[in-house]
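Undergrad:
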């Protein structure tokens with residue numbers, strides 16, 4: 007692509023001023039410095055950041071979504087440090103009007119992490135500094151783009167003074183002062199216009215013991231789409247971190263009162279400890295829901311939230327900031343710093359722009375169809391793998407809305423949805439008689455986890471959601487072939503979890519029957535035998551010679567049950583010491 011003129015190419019000694027030291031600004035600096043060094047080019051990279059990452063709080067939940075690790079490694083040549091990770095997230099529990107579902111990805115899905123955002127920002131900024139970026143701890147309040155017969159440069163005014171640069175990178179998010187300054191400064195250089203729509207978010211942090219988090223949430227994020235319950239709120243979430251849970255809500259026209267109302271909802275309160283709403287700390291933030299205009303021009307380019315190129319619901323704002331920072335840096339080095347050159351930047355981010363209309367459609371569908379469409383689709387996702395995968399990818403951000411919607415319009419799925427809709431309008435029929443020939447066994451799927459939790463609840467009469475969500479996700483990722491579900495039609499009525507491992511408790515390589523459960527309504531119908539026989543067949547196909555399980559010796563009925571399936575007392579006993 008041709009440039010406005012050959013002077014608008016980065017050369018030795020040129021200065022790049024990046025306004026904002028968050029993930030976008032730091033990533034842009036890291037990429038510029040690494041790539042320019044490979045090219046033998048000596049650039050002066052300045053990062054202007056008024057926030058002190060040792061003390062200030064970032065109004066962000068702090069979730070790193072896929073493909074964050076690939077993005078960091080391939081784009082910036084850095085690894086995500088283990089010490090920054092609070093929790094590895096296995097899945098999401100999605101609540102809508104009168105329905106809910108647990109969403110867990112398959113074994114091939116990349117992980118999601120929770121982090122403390124301020125620590126992550128500091129890590130990236132320190133990495134940029136270690137590569138040679140100069141960090142200026144001042145807020146910018148004015149920018150000028152001069153272009154006349156005597157000058158063609160950028161002038162930046164900040165709390166500590168004034169500087170000149172060859173190119174300015176806007177990485178300031180939705181900072182009101184900088185949005186105004188950027189719009190005014192670029193009026194004759196391209197005409198940047200901020201995102202025309204934003205959502206306001208309110209966040210509170212609730213300190214809590216790890217044992218409570220493990221019991222109530224496990225490693226799952228609870229997401230809530232309840233616009234009809236609390237008008238104004240588009241979505242809310244509870245996110246487990248290290249020693250705390252983060253609760254956030256978002257909407258176009260909401261206040262902190264909406265957060266109070268959200269925290270008082272029965273669906274939300276069951277996950278929370280006792281709270282005094284008068285004593286919680288609340289933080290306010292914003293994120294865009296529509297793209298900005300003219301995000302680049304003569305000697306300027308905008309990245310991150312200021313572009314408005316983020317995803318509805320699961321915004322992936324950190325990913326977007328890093329990705330756009332990398333693309334802006336590559337464009338500057340390959341093509342130059344003119345408005346014409348930055349067309350390549352827009353093309354490299356085309357996937358983000360293309361997904362906006364699809365995301366907006368899904369957002370409004372959830373907003374205005376929350377009482378009908380979403381509960382029915384959740385019910386369909388419980389029995390249909392295609393619908394389940396679509397729902398998981400939408401909530402987790404593993405795939406674009408464009409791809410999700412393109413994969414959905416299959417006639418069989420449309421038929422199932424309308425069948426579910428018709429059934430929801432018909433009176434409930436009396437239960438039919440149970441026939442053993444209708445019961446089939448197949449591999450346990452991530453979409454079955456909700457049914458497993460309900461069966462356990464019937465058996466134990468206890469709420470163990472957090473425990474089961476993490477446990478099931480672990481088994482399905484470790485040995486999915488040894489996990490089976492028994493079905494009566496589309497309904498899961500039993501399950502068994504198995505594993506193959508060796509030398510635990512000095513036991514040679516063996517099969518393990520970890521957990522088996524059958525819906526009490528189906529007891530006495532040999533459902534358990536069907537599940538165990540299927541598991542044994544799997545073990546035999548893997549050339550496993552012995553199967554172990556563990557039971558309480560004092561539970562005679564349980565011991566007799568396993569003896570009826572061929573188990574005998576083994577050579578090992580467990581030893582227990584009670585601690586005061």
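Residue numbers (my numbering): 7 to 586.
Positions of the beta carbon are idealized from the N, C-alpha and C atoms, including for glycine.
Model, not experiment: these values are computed from the prediction.
Residue 351 and residue 407 look like a contact to me (Cβ under 8 Å); what is the Cβ gap, rounded to whole Å?
TA: Position 345 of the chain shown, counting from 1, holds the residue named residue 351. Position 401 of the chain shown, counting from 1, holds the residue named residue 407. Residue 351 to residue 407, Cβ: 22 Å. No contact.
Undergrad: Ends of the alpha helix (DSSP H) at residue 219?
TA: To locate residue 219, count along the chain shown from 1; it is residue 213. Segment 216–222, the alpha helix (DSSP H) holding residue 219.
Undergrad: Can you tell me where the beta strand (DSSP E) with residue 250 in it begins and where it stops?
TA: As a first step, residue 250 must be located in the chain shown, where it is residue number 244. Residues 250–257.
Undergrad: Quick one: Cα of residue 117 to Cα of residue 483, how far?
TA: Here residue 117 corresponds to residue number 111 of the chain shown, with the count starting at 1. Here residue 483 corresponds to residue number 477 of the chain shown, with the count starting at 1. Whole-angstrom Cα-Cα distance: 12 Å.
Undergrad: Can you give the beta carbon distance from residue 178 to residue 312, rounded, assuming they're within the 8 Å contact cut?
TA: Within the chain shown, residue 178 is the residue found at index 172, counting from 1. Within the chain shown, residue 312 is the residue found at index 306, counting from 1. Confirmed, Cβ separation roughly 6 Å.
Undergrad: For residue 557, which residues of its own chain have a beta-carbon under 8 Å away from its beta-carbon, when the five flanking residues on both sides are left out?
TA: For this step, residue 557 is matched to residue 551 along the chain shown. Once the five neighbours on either side are set aside, the close Cβ partners of residue 557 are 564, 565, 568.
Undergrad: Could you round the C-beta distance between residue 35 and residue 54 to whole angstroms and report it? I think they count as a contact, below 8 Å.
TA: By 1-based counting over the chain shown, the position of residue 35 is 29. By 1-based counting over the chain shown, the position of residue 54 is 48. Not confirmed; about 11 Å, so no contact.
Undergrad: What are the residues that DSSP puts in a beta bridge with residue 159?
TA: Position 153 of the chain shown holds residue 159. For residue 159, which the question treats as bridged, DSSP gives the partners 152.
Undergrad: Could you check whether residue 30 and residue 310 sit closer than 8 Å to each other, using their CB atoms as the reference points?
TA: As a first step, residue 310 is located in the chain shown; it is residue number 304 there, counting from the start. As a first step, residue 30 is located in the chain shown; it is residue number 24 there, counting from the start. Against a cut-off of 8 Å, the Cβ pair of residue 30 and residue 310 comes out as a contact.
Undergrad: Identify every residue that forms a DSSP beta bridge with residue 50.
TA: The sequence position of residue 50 within the chain shown is 44, counting from 1. Beta-bridge pairing links residue 50 to 21.
Undergrad: Does the segment 245–257 come close enough to the segment 188–198 to have 3 or more Cβ pairs within less than 8 Å?
TA: Contact fails: fewer than three Cβ-Cβ distances are below 8 Å.
Undergrad: Tell me where the alpha helix (DSSP H) around residue 409 begins and ends.
TA: The count along the chain shown starts at 1 and reaches residue 409 at position 403. Looking at the DSSP string, the run of the alpha helix (DSSP H) that includes residue 409 is 407–413.
Undergrad: Would you call residue 338 buried or exposed, if buried means 16 or more other Cβ atoms sit within 10 Å of its Cβ?
TA: Sequence index remark: in the chain shown, residue 338 carries index 332 (1-based). Residue 338 is buried by the Cβ-count criterion.
Undergrad: If you drop the 5 nearest sequence neighbours on each side, which residues of the same chain put their C-beta closer than 7 Å to that of residue 83?
TA: For this step, residue 83 is matched to residue 77 along the chain shown. Closer than 7 Å at Cβ, skipping near neighbours: 40.
Undergrad: Could you tell me which of 58, 384, 91, 80 sits nearest to residue 70, measuring between CA atoms?
TA: Residue numbering aside, residue 70 sits at position 64 when the chain shown is read from its first letter. The shortest C-alpha separation from residue 70 is found at 91.
Undergrad: Tell me, to the nearest whole angstrom, how far the beta carbon of residue 506 is from that of residue 485; I am working on the premise that it is less than 8 Å.
TA: On the chain shown, position 500 is the one that residue 506 refers to. On the chain shown, position 479 is the one that residue 485 refers to. About 6 Å separates the two Cβ atoms, so the contact holds.
Undergrad: Just tell me which of 26, 202, 149 has its CA closest to the CA of residue 140.
TA: Taking the chain shown and counting its residues from 1, the one referred to as residue 140 is at position 134. If we check each option's Cα against that of residue 140, 26 comes out closest.
Undergrad: Tell me the DSSP bridge mates of residue 301?
TA: The residue you call residue 301 lines up with position 295 of the chain shown. Residue 301 pairs with nothing; no bridge assigned.
Undergrad: Given 8 Å as the limit, is there contact between the segment 451–471 and the segment 102–114, that is, 3 or more CB pairs closer than that?
TA: Short answer: they touch.
Undergrad: Assuming residue 101 contacts residue 229 (C-beta within less than 8 Å), just tell me the rounded distance between them.
TA: Position 95 of the chain shown holds residue 101. Position 223 of the chain shown holds residue 229. Going by Cβ atoms, the distance from residue 101 to residue 229 rounds to 7 Å, so yes, they are a contact pair.
Undergrad: Please list, in chain order, all residues of the same chain as residue 359 whose beta carbon is under 8 Å from its beta carbon, the five residues on each side excluded.
TA: For the purposes of this step, residue 359 is taken as the residue at position 353 of the chain shown. Around residue 359: 297, 315, 352.
Undergrad: Please classify residue 631 as buried or exposed, where buried requires at least 16 neighbouring CB atoms within 10 angstroms.
TA: In the structure as shown, the chain begins at 7 and stops at 586. Residue 631 is therefore absent and cannot be evaluated.
Undergrad: Roughly how many angstroms separate the alpha carbons of residue 21 and residue 370, rounded to a whole number?
TA: The residue you call residue 21 lines up with position 15 of the chain shown. The residue you call residue 370 lines up with position 364 of the chain shown. Computed Cα separation, rounded: 44 Å.
Undergrad: Which of helix, strand or coil does DSSP assign to residue 98?
TA: Translated into the one-based positions of the chain shown, residue 98 becomes position 92. Three-state result, residue 98: strand.
Undergrad: So, helix, strand or coil for residue 292, using DSSP?
TA: If you number the chain shown from 1, residue 292 lands on position 286. Strand.
Undergrad: Please report how far the alpha carbon of residue 160 lies from the alpha carbon of residue 195, in whole angstroms.
TA: On the chain shown, residue 160 is found 154 positions in, with the first residue counted as 1. On the chain shown, residue 195 is found 189 positions in, with the first residue counted as 1. Distance between the alpha carbons of residue 160 and residue 195: 11 Å.
Undergrad: Pull up the distance between the alpha-carbon of residue 477 and that of residue 210, whole angstroms please.
TA: Here residue 477 refers to the residue found at position 471 when the chain shown is read from its first residue. Here residue 210 refers to the residue found at position 204 when the chain shown is read from its first residue. Cα-Cα distance, rounded: 28 Å.
Undergrad: Taking the alpha carbon of residue 356 as the reference point, which residue from 330, 554, 284 has its own alpha carbon closest?
TA: Residue 356 sits at position 350 when you count from the first residue of the chain shown. It is 330.
Undergrad: Just list the residues that DSSP pairs residue 448 with in beta bridges.
TA: Residue mapping note: residue 448 aligns to position 442 of the chain shown, counting from 1. Answer is 491.
Undergrad: On the DSSP letters alone, give me the boundaries of the beta strand (DSSP E) that residue 315 sits inside.
TA: Your numbering for residue 315 matches position 309 in the chain shown. Segment: none, residue 315 is in no beta strand (DSSP E) and carries neither H nor E.
Undergrad: Nearest-angstrom Cα distance between residue 43 and residue 16?
TA: Reading the chain shown from its first residue, position 37 is the one you call residue 43. Reading the chain shown from its first residue, position 10 is the one you call residue 16. Taking the straight line from one Cα to the other gives about 13 Å.
Undergrad: Is residue 134 closer than 8 Å to residue 207 when the C-beta atoms are compared?
TA: One-based indexing of the chain shown puts residue 207 at position 201. One-based indexing of the chain shown puts residue 134 at position 128. Contact: no.
Undergrad: Roughly how many angstroms separate the alpha carbons of residue 33 and residue 328, rounded to a whole number?
TA: Position 27 of the chain shown, counting from 1, holds the residue named residue 33. Position 322 of the chain shown, counting from 1, holds the residue named residue 328. Their Cα atoms are separated by approximately 6 Å.
Undergrad: Is residue 397 closer than 8 Å to residue 293 when the C-beta atoms are compared?
TA: The residue labelled residue 293 in the question sits at position 287 within the chain shown. The residue labelled residue 397 in the question sits at position 391 within the chain shown. No.
Undergrad: Determine the burial state of residue 466: buried for a count of at least 16 other Cβ atoms within 10 Å of its Cβ, exposed for fewer.
TA: In the chain shown, the residue the question calls residue 466 occupies position 460. Burial call: exposed.
Undergrad: Using the DSSP secondary-structure output, state which residues sit across from residue 65 in a beta bridge.
TA: The count along the chain shown starts at 1 and reaches residue 65 at position 59. Answer is none; residue 65 lacks a bridge partner.
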